[in-house]
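Asks: Residue numbers (this note's numbering): 6 to 432. For each residue, glycine too, the CB sits at the ideal point set by N, CA and C.
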């Protein structure tokens, strides 16, 4: 499939012709495709060396890397990182070395960051560019962004590769961005480019759900296990949290109650899942993340939300459902994703809730912070009369809210057509 987007990421990599750059992000988000496209665009592609780290012993890993560097290093036996780094010190030509899945190397030799720090500080050739990639977001954060790590601040660029937007999904697959059917497909896989390769455009929505999730041997049947393995998260507790959050149990107190544990015991596991970008914490608009006691947890992406919100609770009965039941389950999931995707279009926008009411999205209308825009989001086609009725009800609800004591508000109703049009334009 053709390479699309990642314009800013390619520009950043091209602006650093030497030194250390770090790229991390969840599996299948497109890190490898990004660096391979970067290599292809170089004036001398032959000067770029790519190596995929393997899981195994240190000896096997060094042998693999040495083989991938054939043509750059002299043909001499290499049995340790010290020997390999000493050889890299002698490289006199301008070149780029890309090591994919760098955390695999650390699992067999925890001293590698210290050795690499010395090489970067004292022995790295002037025209040598080193790019390190990793899917374990917690490990990459600890290695390069933890002040206690030997490699802290050694990278000139630390890039977190994010999922792509809806417009690129449509562009990649040649789908109509204004179609509900297109968005229902996107809602099942989200912005992970690798998943887009699994989309059969000829399949209807139910057939696609079957092939992605419900069939035996489906494409994404074991995806949560793979993501947890990448982050080295083991045990049943994390999976239980994901199951509960996916089924709509969002408050920490509710999660703890369902699991039969004290709420205080969940602080660590919740933070670990947040660091791994598997869940995210939401707080009501206008409140401080540090001081508020009101928070909800949501699954971080569309695939996980579908897996734990649709596949897991319904897989044992899926074949018994009617086509209408199946489409309703898929549509309900898509409606939740639609609300999240629309809110994400606006910087600093977030949901708002208090006892007895909630708003889909709230954001500041002006820089002075005195006026806000309250959004009601509906994944359906609305008539002018529908929009007026919803706007009136939302305004009445706003006047009952605590927000009305602090702000003036404009009411905004975003329906399917307006939402898809906005997403189709967004970068």
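1) So, are the CB atoms of residue 139 and residue 342 less than 9 angstroms apart?
2) Which residue marks the beginning of the beta strand (DSSP E) containing residue 102, and which one marks its end?
3) For residue 244, which three-state DSSP category applies?
4) With a floor of 3 residues, list each beta strand (DSSP E) that falls wholly inside the stretch 133-208, ordered by position along the chain.
5) Residue 40 and residue 28 look like a contact to me (Cβ under 8 angstroms); what is the Cβ gap, rounded to whole Å?
6) The alpha helix (DSSP H) that contains residue 272, what's its start and end?
7) Only counting the same chain, and skipping five residues up and downstream in sequence, which positions put a Cβ closer than 6 angstroms to that of residue 249?
8) What is the DSSP secondary structure of residue 420, counted as helix, strand or coil?
9) Report buried or exposed for residue 393, applying the criterion of at least 16 other Cβ atoms within 10 angstroms of its Cβ.
10) Should residue 130 and residue 177 be called a contact, given that it needs their Cβ atoms to be closer than 9 angstroms?
11) Please tell me whether residue 100 and residue 132 are closer than 9 angstroms, where the distance is taken between their beta carbons.
12) Roughly how many angstroms separate the alpha carbons of residue 292 and residue 318, rounded to a whole number?
13) Going by the DSSP bridge assignment, what does residue 38 pair with across the sheet?
14) Note down, one range per segment and in chain order, each beta strand (DSSP E) of at least 3 residues found wholly within the stretch 45-102.
15) Do you know whose CA, among 85, 109, 117 and 267, lies nearest residue 141's CA?
16) At the level of alpha carbons, what is the spacing between residue 286 and residue 272?
17) From the DSSP output, in three-state form, read off residue 414 for me.
18) Following the continuous alpha helix (DSSP H) through residue 26, name the residue where it begins and the one where it ends.
19) Check whether the stretch 317-334 touches the stretch 355-371, counting contact only when three or more Cβ pairs, one atom from each stretch, lie closer than 8 angstroms.
20) Using only the alpha-carbon positions, how far apart do residue 349 and residue 356 sit?
21) Is it the case that the Cβ atoms of residue 92 and residue 67 are separated by a distance below 9 angstroms?
22) When the Cα atoms are used, what is the spatial distance from residue 164 to residue 326?
23) Could you give the first and the last residue of the continuous alpha helix (DSSP H) run that contains residue 284?
24) Kindly give me the distance between the Cβ atoms of residue 415 and residue 376, rounded to whole angstroms, as I take these residues to be in contact under 8 angstroms.
25) Comparing alpha-carbon positions, which option in 45, 229, 225 and 288 lies nearest residue 256?
26) If we ignore side chains and look at the alpha-carbon of each, how far apart do residue 228 and residue 69 end up?
27) Going by beta carbon distance, what residues of the same chain come within less than 6 angstroms of residue 45, once the five residues before and after it are set aside?
28) Does the Cβ of residue 5 have 16 or more other Cβ atoms within 10 Å, making it buried, or fewer, making it exposed?
29) What is the DSSP secondary structure of residue 236, counted as helix, strand or coil?
30) Going by Cα to Cα distance, which pick from 308, 411 and 102 is closest to residue 338?
31) Classify residue 363 as helix, strand or coil using the three-state DSSP reduction.
32) Going straight from the alpha carbon of residue 119 to that of residue 159, what length do you get?
33) Taking the alpha-carbon of residue 265 as reference, which of 245, 168, 277 and 103 has the nearest alpha-carbon?
34) Using three-state DSSP, classify residue 266 as helix, strand or coil.
35) May I ask which residues mark the beginning and end of the beta strand (DSSP E) holding residue 302?
Replies: In terms of the structure at hand:
1) no
2) Per DSSP, residue 102 belongs to the beta strand (DSSP E) from 100-105.
3) helix
4) 133-139 and 162-165
5) Confirmed, Cβ separation roughly 7 angstroms.
6) 272-280
7) 260 and 263
8) coil
9) exposed
10) no
11) With respect to the 9 angstroms criterion, residue 100 and residue 132 are classified as neighbours on the basis of their beta carbons.
12) 33 angstroms
13) Partner(s): none; residue 38 has no beta bridge.
14) If you keep only unbroken beta strand (DSSP E) runs of at least 3 residues inside the stretch 45-102, you get 53-57.
15) 109
16) 12 angstroms
17) strand
18) Residue 26 -> not in any alpha helix (DSSP H); beta strand (DSSP E) instead, spanning 24-29.
19) no
20) Near 10 angstroms, if we compare the C-alpha coordinates of residue 356 and residue 349.
21) no
22) When rounded, the distance between both Cα atoms is 44 angstroms.
23) Counting along the chain, residue 284 falls outside any alpha helix (DSSP H), though it belongs to the beta strand (DSSP E) covering 284-287.
24) Cβ-Cβ separation between residue 415 and residue 376: approximately 7 angstroms, consistent with a contact (criterion under 8 angstroms).
25) Among 45, 229, 225 and 288, the Cα nearest to that of residue 256 belongs to 288.
26) 27 angstroms
27) If we look at residue 45 and ignore the five residues flanking it on each side, it has no Cβ neighbours.
28) In the structure as shown, the chain starts at 6 and stops at 432, and residue 5 therefore has no counterpart that could be examined.
29) In the structure shown, the three-state DSSP call for residue 236 is coil.
30) Ranking the options by Cα distance to residue 338, first place goes to 308.
31) strand
32) 11 angstroms
33) 245
34) coil
35) 301-304
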